[in-house]
Amino acid sequence: MVDMIVGIDLGTTNSLIAYFTEEGAKIIPNRLGKMLTPSVVSVDGEGNVYVGETARERMSLYPDTVAQTFKRSMGTERQYVLSGKHFKPEELSSLVLRALKEDAESYLGEEVTEAVISVPAYFDDKRRKATRRAGELAGLKVERMISEPTAAAVAYGLYDKEQDTRFLVFDLGGGTFDVSILELYHNILEVRAVAGDNYLGGEDFTEVMAKLFLQKAKLQLQNLSEKEQARLFREAEKAKCAINDTDKVTIRFLYKEEILEQMITYKEYEENCEELLMKIREPVKRSLADAGLKLSDIDEVLLIGGATRLSIVRDFLIRLFRKFPDTRMNPDEAVALGAAIQAAMKERREEVKEVILTDVCSFTLGTEVVVEYEEGRYEEGRFCPIIERNTVIPASHTERLYTARDNQARVRVRVLQGESRFARNNLFLGELEIEIPKGPRGQESVDVTYTYDINSLLEVEVTVVSTGESRKMVIKGQDNQMTDEEIGKRMEELAYLKIQPRDYEENRLVLTRAERMYEESLGERRKRLDRYITAFEAALKKGEHDEIRDTREALSEVLEDEEEI
Ligand code: AMP
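Here it is as structure tokens:
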């Protein structure tokens, strides 16, 4: 059997893994039987690794051991410190990927070696590379990445439409926001424009809820301990989800041995979210402007990302677009399913209808030039765009550049990526040199051609116009890929981490949740919890399978009971 290629949505808040079957793409449940694995990692003092729900439960118990929303920092130098050990965002992501890979392997009964991973359309090259490295550290080959909105469009089956249509994919996740405009034209699904905000998402709406509570309870966030903050945000998160269906919610929060209660109405909450809604409007406007379209040109709006479940967001979109968004798909699952379909396309599976997917370049590619801004006066270090942001790829563009000095003997093409007018502010990708015949300034010229394809492969070709001589170079999206040696080395460095056998996950989760609830409760409730926890721990120590199961179930029931209070 050929090795399976899976599709992975490595989300800011949650991650999912999917595979392609004869009946289409399917999400693979994790070790706890859930579709969503929280993108949360915890490493304790002994080097034990916790991923997902258990790690999230540890947030309020041991905040110093937990990292979350690290996707926001992918591709940056930021380091996270967990129990005194340092981790890069891609290393934390690799631990999430490793857990997903293990779950998929155990579910499918075969090895998973390759994945198509989705990334926000707005991720630049650096962030994409970091994502790829995360895959490699987890033992996954990542040849192809797919932008999240494209994946969603594929999952929605947009390419099956009879008529030419324009879609806007609105993706509001936990911590990132992406808007993409896609156009279906003669059976080609084309991304026309992307825009986004890497620092906007459902968590901001949770924060608004938490702040409203604090304001009403006359408390200051900075006076709360880390544990209290984590607990408050969990309560706020619950309230945020609950307010979708009602006109008011009550938040109960244990603060200094006292339970504080505040009621928040839908209207109040909506008013306080106004600023966030305004922020949402910006990328929508920008993507429309980049695509040269008006709001009324959009035929359909697709919602993806968990935070599009917020009725405040839906109401806002209905008012904005004057139409109801398409919500046929589960907004959490669309991206992973689309990535799995893309994986099947990569494998050239017969069941998948041939679709021509194009994408846009989410950043500008160009080169450094000297500009004559007045007769005889030059400014060095300026950036000359060659393939502009939001150009449909595959794309190929040529720019003719002239010599800047008399008797110039060679031209050096520095390949840069970014939006700044100044070369130094953009990201350096590589450089190419070619010799040219000497002559007076401006006499000789070179044609610089950039060709960028859907796999993030950039080909740069420089041709001397007078002699026809040319040089070529390919910059791969995976240029900074770690060598096997480097991966091996970093894996070794991370070897102190103890990945727990997946069978114990449920025990660990129940125990962690119980510990957290114990801390949050008082009096009789606390005593009752203690009794059940002690019984469960005793069973775990003995290692008696049936007893472990029985005491775990008993404890779980008590926890469910408590959660409802
Ligand atoms: P994602 O990154 O796509 O998994 O989205 C996660 C975000 O969706 C989090 O901020 C969640 O709070 C939010 N979310 C999930 N379910 C709901 C819901 N029913 N109502 C409101 N927000 C939700």
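Heads up: the sequence shown begins at -9 in the numbering used here, then just goes up one per residue. The beta carbon of each residue, even a glycine, is placed where N, CA and C say it ideally should be.
Kindly indicate which three-state DSSP category residue i falls into: helix, strand or coil?
{"i": "G478", "result": "helix"}
{"i": "A89", "result": "helix"}
{"i": "K428", "result": "coil"}
{"i": "R539", "result": "helix"}
{"i": "V455", "result": "coil"}
{"i": "E550", "result": "helix"}
{"i": "I302", "result": "helix"}
{"i": "Q153", "result": "coil"}
{"i": "N38", "result": "strand"}
{"i": "T166", "result": "coil"}
{"i": "S286", "result": "helix"}
{"i": "L447", "result": "coil"}
{"i": "Q212", "result": "helix"}
{"i": "M253", "result": "strand"}
{"i": "G296", "result": "helix"}
To the nearest angstrom, how far is it from the Cα of residue i to the Cα of residue j?
{"i": "D618", "j": "T140", "result": "With the chain running from -9 to 555 in the structure shown, residue 618 is simply not present."}
{"i": "M335", "j": "L499", "result": "37 Å"}
{"i": "I418", "j": "A8", "result": "Correcting the residue type first, residue 418 is Phe in the shown sequence and not Ile. Rounded to the nearest angstrom, the two C-alpha atoms are 35 Å apart."}
{"i": "P427", "j": "G458", "result": "11 Å"}
{"i": "C231", "j": "L300", "result": "7 Å"}
{"i": "D437", "j": "P273", "result": "35 Å"}
{"i": "I538", "j": "E95", "result": "26 Å"}
{"i": "E514", "j": "Y245", "result": "18 Å"}
{"i": "V31", "j": "E434", "result": "57 Å"}
{"i": "V239", "j": "E251", "result": "10 Å"}
{"i": "I254", "j": "D(-1)", "result": "34 Å"}
{"i": "S286", "j": "T66", "result": "38 Å"}
{"i": "N397", "j": "P430", "result": "6 Å"}
{"i": "K61", "j": "P79", "result": "7 Å"}
{"i": "A207", "j": "G282", "result": "48 Å"}
{"i": "P110", "j": "Y256", "result": "30 Å"}
{"i": "E449", "j": "Q332", "result": "24 Å"}
{"i": "V159", "j": "K532", "result": "53 Å"}
Buried or exposed for residue i, please, with buried defined as at least 16 other CB atoms from any protein chain shown within 10 angstroms of its CB.
{"i": "S456", "result": "exposed"}
{"i": "P491", "result": "exposed"}
{"i": "Q58", "result": "buried"}
{"i": "H535", "result": "exposed"}
{"i": "R339", "result": "exposed"}
{"i": "G356", "result": "buried"}
{"i": "Q407", "result": "buried"}
{"i": "I136", "result": "buried"}
{"i": "T541", "result": "buried"}
{"i": "S50", "result": "buried"}
{"i": "T249", "result": "Here residue 249 turns out to be Ile, not Thr, going by the sequence shown. Exposed."}
{"i": "A399", "result": "exposed"}
{"i": "Y486", "result": "exposed"}
{"i": "A297", "result": "buried"}
{"i": "Y175", "result": "exposed"}
{"i": "V71", "result": "exposed"}
{"i": "N416", "result": "buried"}
{"i": "S215", "result": "exposed"}
{"i": "Y522", "result": "buried"}
{"i": "Q212", "result": "exposed"}
{"i": "T388", "result": "exposed"}
{"i": "Y40", "result": "buried"}
{"i": "F412", "result": "exposed"}
{"i": "Y189", "result": "exposed"}
Provide the residue span of the alpha helix (DSSP H) that contains residue i, from first to last.
{"i": "P273", "result": "264 to 281"}
{"i": "N4", "result": "That residue, N4, is in no alpha helix (DSSP H); its beta strand (DSSP E) goes 4 to 11."}
{"i": "L127", "result": "115 to 127"}
{"i": "L222", "result": "216 to 232"}
{"i": "D194", "result": "192 to 207"}
{"i": "Y70", "result": "First-last for Y70: 70 to 72, but that is the beta strand (DSSP E), not the alpha helix (DSSP H)."}
{"i": "Y392", "result": "It is not in any alpha helix (DSSP H) - Y392 instead sits in the beta strand (DSSP E) that spans 385 to 392."}
{"i": "G328", "result": "324 to 336"}
{"i": "E378", "result": "E378 -> no alpha helix (DSSP H), and no H or E assigned at all."}
Determine the extent of the beta strand (DSSP E) in which residue i is found, giving its start and end residues.
{"i": "T439", "result": "435 to 442"}
{"i": "F243", "result": "238 to 245"}
{"i": "R461", "result": "460 to 465"}
{"i": "R521", "result": "Counting along the chain, R521 falls outside any beta strand (DSSP E), though it belongs to the alpha helix (DSSP H) covering 513 to 532."}
{"i": "K24", "result": "Note, K24: premise wrong, no beta strand (DSSP E); not H, not E."}
{"i": "T59", "result": "That residue, T59, is in no beta strand (DSSP E); it is neither H nor E in DSSP."}
Does the count of Cβ pairs from the region 487 to 498 and the region 3 to 22 closer than 8 Å reach three?
yes
Are the region 366 to 375 and the region 183 to 196 touching by the rule of at least three beta carbon pairs closer than 8 Å?
no
Assess contact between the region 269 to 284 and the region 297 to 317, defined as three or more Cβ pairs (one per stretch) separated by less than 8 Å. Is contact present?
yes
Report yes or no: do three or more beta-carbon pairs, one from the region 117 to 127 and one from the region 72 to 89, lie closer than 8 Å?
yes
Stretch pair the region 219 to 235 + the region 190 to 206: three plus CB contacts closer than 8 Å
yes
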